[in-house]
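Engineer:
Residue numbers (full-length UniProt numbering): 1 to 232.
Structure, rendered in structure tokens:
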């Protein structure tokens, strides 16, 4: 979706759904409209799901995210990602490993890294390591028989490096799906590697509040995000 007057800034959006579905109507579309109103070009990622029977199984969503980032890099001067829940996990895994090749070279676009200039992760799944193994994301990406090494390989915090782009985190303390520890774990990893990190936490709001749940303090996060995105 393109604004009437573009800033030359593209934002890749990935909705959540535990890698079992994609919450486009609840998360991606509202975010896209919000961004376009503010002059950003919004790209909504409709990614393949591990349970759909693809040959590459749990890798397919990451392949789609990396390819999308490469397409955006060819179109926009600046590229940011905005991921919700499992979509936050997906875009973080892509953005934090720009040189990782999850699929064979397709064309010239794939010669460039799948790099983002900033990453906003909203009530994200960050770690699949114990004791945070209850999520649908864990089930769909590694399964209940996963080894510690497999869980670590799909945990975002293990890929934070000094060159990681600035990170923006949002979570409610009463989130029943993504443990509030997820954003704390990500914040700690960023601080350790001296990566700029901004976090907003709210006492109520639950999970899946998208651009803010009316009647809860989560309605304020988009305003903070707008300021951060201008500066990131």
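Note that beta-carbon positions come from the ideal geometry of N, C-alpha and C, so glycine has one too.
Please list, in chain order, all residues of the same chain as residue 97 whose beta carbon is under 7 Å from its beta carbon, the five residues on each side excluded.
Structural biologist: Cβ contact annotation for residue 97 (same chain, cutoff 7 Å, sequence separation greater than five): 159, in chain order.
Engineer: From the DSSP secondary-structure annotation, give me the bridge partner or partners of residue 198.
Structural biologist: 168
Engineer: Please say whether residue 129 and residue 161 have beta carbons closer to each other than 8 Å?
Structural biologist: no
Engineer: Flag this pair as touching only if the segment 162-180 and the segment 111-120 have three or more C-beta atom pairs under 8 Å; answer yes or no.
Structural biologist: yes
Engineer: For residue 40, name the three-state secondary structure that DSSP assigns.
Structural biologist: coil
Engineer: So what's residue 225 in DSSP terms, helix, strand or just coil?
Structural biologist: helix
Engineer: Roughly how many whole angstroms lie between the Cα atoms of residue 126 and residue 3?
Structural biologist: 31 Å
Engineer: With a cut-off of 8 Å on the beta carbons, I'd call residue 51 and residue 186 a contact; round off their distance for me.
Structural biologist: Not a contact, Cβ separation roughly 26 Å.
Engineer: Touch check for the segment 8-23 and the segment 36-49: three-plus C-beta pairs under 8 Å?
Structural biologist: yes
Engineer: Which of the three DSSP states is assigned to residue 219 in this structure?
Structural biologist: In the structure shown, residue 219 sits in a helix (DSSP, three-state: H, G or I).
Engineer: What is the C-beta distance between residue 90 and residue 79, in whole angstroms, given that I count them as a contact (C-beta under 8 Å)?
Structural biologist: Their Cβ separation, rounded to whole angstroms, is 15 Å, which puts residue 90 and residue 79 out of contact at 8 Å.
Engineer: Helix, strand or coil, according to DSSP, for residue 60 in the structure here?
Structural biologist: Looking at residue 60 - three-state DSSP - the assignment turns out to be helix.
Engineer: Residue 72 to residue 107, Cα distance in whole Å?
Structural biologist: 15 Å
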